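K.L.:
Going by full-length UniProt numbering, the sequence shown opens with residue 1, and the numbers climb by one from there. Okay, here's the structure, questions in a sec.
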Amino acid sequence: MFIIIPLSLALVAIIGIAIVVWRKMTYLKKLTAEHQDIGGSLFYLYFPEIVNGAKSINWAEYKEVWLIEAEKFLRKLRVISMRIDRAMDTTIKKIRDIYVDNEDAGVVVETNASTSEGRKEKIEDQRLEPIDVMDLMRKEEQDFIVEIAKNPKEASNYKLLAGLYERMGNMEDAVESYKTAAELDPDDDVTRIKLAKLLERADEIKKKHDESTEDESAEK
Numbered sequence: 001m002f003i004i005i006p007l008s009l010a011l012v013a014i015i016g017i018a019i020v021v022w023r024k025m026t027y028l029k030k031l032t033a034e035h036q037d038i039g040g041s042l043f044y045l046y047f048p049e050i051v052n053g054a055k056s057i058n059w060a061e062y063k064e065v066w067l068i069e070a071e072k073f074l075r076k077l078r079v080i081s082m083r084i085d086r087a088m089d090t091t092i093k094k095i096r097d098i099y100v101d102n103e104d105a106g107v108v109v110e111t112n113a114s115t116s117e118g119r120k121e122k123i124e125d126q127r128l129e130p131i132d133v134m135d136l137m138r139k140e141e142q143d144f145i146v147e148i149a150k151n152p153k154e155a156s157n158y159k160l161l162a163g164l165y166e167r168m169g170n171m172e173d174a175v176e177s178y179k180t181a182a183e184l185d186p187d188d189d190v191t192r193i194k195l196a197k198l199l200e201r202a203d204e205i206k207k208k209h210d211e212s213t214e215d216e217s218a219e220k
């Protein structure tokens, strides 16, 4: 009840205002047209030169010129925008290339680092592994044998092989190699001296071996 009464009063007021406005619409339209005419006449009274100058201009004649100039301006704007786009594309490509080069450089650095680390580990492993001297000597022996097979008349190869056998403790083969070298190079006094010393050592070793064998047999 308390809501219906205020709503009814508001509705009646709105309807009354609408009726008054509808009746005054014709008068308001006439009043607006008169004010527009009055405003135009007042502007002409104060600024007649401007009004006459504007009326004297042939706007249709300059319309095409304005359109052409506007088209030129828009074309210039388009060219400028295209240049800006190209410059931006070039800049983006350069930045991308720099980024890719940096990534590649990082990959190369990592690869080199890993390779160097692998080499260091390999060297360390080789240092830790015991070196078999006899294997190295045997490989060297094979190399000398191959060289002698290629050139059997070369005395220097037999000398080197004899020295290798001497280091290996193989006295018999050392003696044979020195004998062959002395036969191929009879003027080499150094080889004959080495052969003589080696024969003396071989005799001493043989005597010691025989004495130890006799002692063992006597104990038995």
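Where is the CB? At the ideal position from N, CA and C, for every residue including glycine. Treat the numbers as computed from the prediction; the structure is a model and nothing was measured.
1. Given a threshold of 16 other Cβ atoms within 10 Å of its Cβ, counted over all protein chains shown, does residue 67 qualify as buried or as exposed?
2. Going by the CB atoms, is the gap between residue 153 and residue 195 shorter than 8 angstroms?
3. Assuming residue 136 and residue 174 form a contact by the criterion Cβ under 8 angstroms, report the distance between their Cβ atoms to the nearest whole angstrom.
4. Quick one, which of 89, 213, 158 and 202 has its alpha-carbon nearest residue 182's?
5. Is residue 213 buried or exposed, if buried means 16 or more other CB atoms sit within 10 Å of its CB?
6. Can you name, in chain order, every residue of its own chain whose Cβ lies under 8 angstroms from the Cβ of residue 75, other than the five neighbours on each side?
7. DSSP state of residue 169, grouped into three classes?
8. Taking Cβ positions, are residue 138 and residue 171 nearer each other than 8 angstroms?
9. May I ask whether a heavy atom of the ligand GDP can be found less than 7 angstroms away from the beta carbon of residue 141?
10. Could you tell me which uninterrupted alpha helix (DSSP H) segments, each at least 4 residues in length, are contained entirely in the region 140 to 165, listed from first to last along the chain?
11. Buried or exposed: where does residue 177 fall if 16 or more other Cβ atoms within 10 Å of its Cβ makes it buried?
12. So the candidates are 210, 77, 84 and 162; which of them puts its Cα closest to the Cα of residue 179?
13. Which same chain residues end up closer than 6 angstroms to residue 188 when comparing Cβ atoms and leaving out the 5 residues on each side of it in sequence?
14. Using the C-alpha atoms, what's the distance from residue 211 back to residue 142?
15. Please classify residue 188: does DSSP put it in a helix, a strand, or coil?
16. Mapping DSSP to helix, strand and coil, what is residue 132?
17. Between residue 186 and residue 156, what straight-line distance do the alpha-carbon atoms span, to the nearest angstrom?
P.N.:
On the basis of the data shown:
1. exposed
2. no
3. About 17 angstroms; that fails the 8 angstroms criterion.
4. 158
5. By the neighbour-count criterion, in which 16 or more other beta carbons inside 10 Å mark a residue as buried, residue 213 falls on the exposed side.
6. none
7. In the structure shown, residue 169 sits in coil (DSSP, three-state: anything other than H, G, I, E or B).
8. Contact flag unset, no.
9. Among the ligands in the structure shown, none appear at all, so the ligand GDP cannot be discussed.
10. none
11. That one is buried.
12. The residue with the shortest Cα to Cα distance from residue 179 is 162.
13. none
14. For the pair residue 142 and residue 211, the Cα-to-Cα distance works out to about 35 angstroms.
15. Coil at residue 188, not helix or strand.
16. Residue state, collapsed to three classes: coil.
17. 12 angstroms
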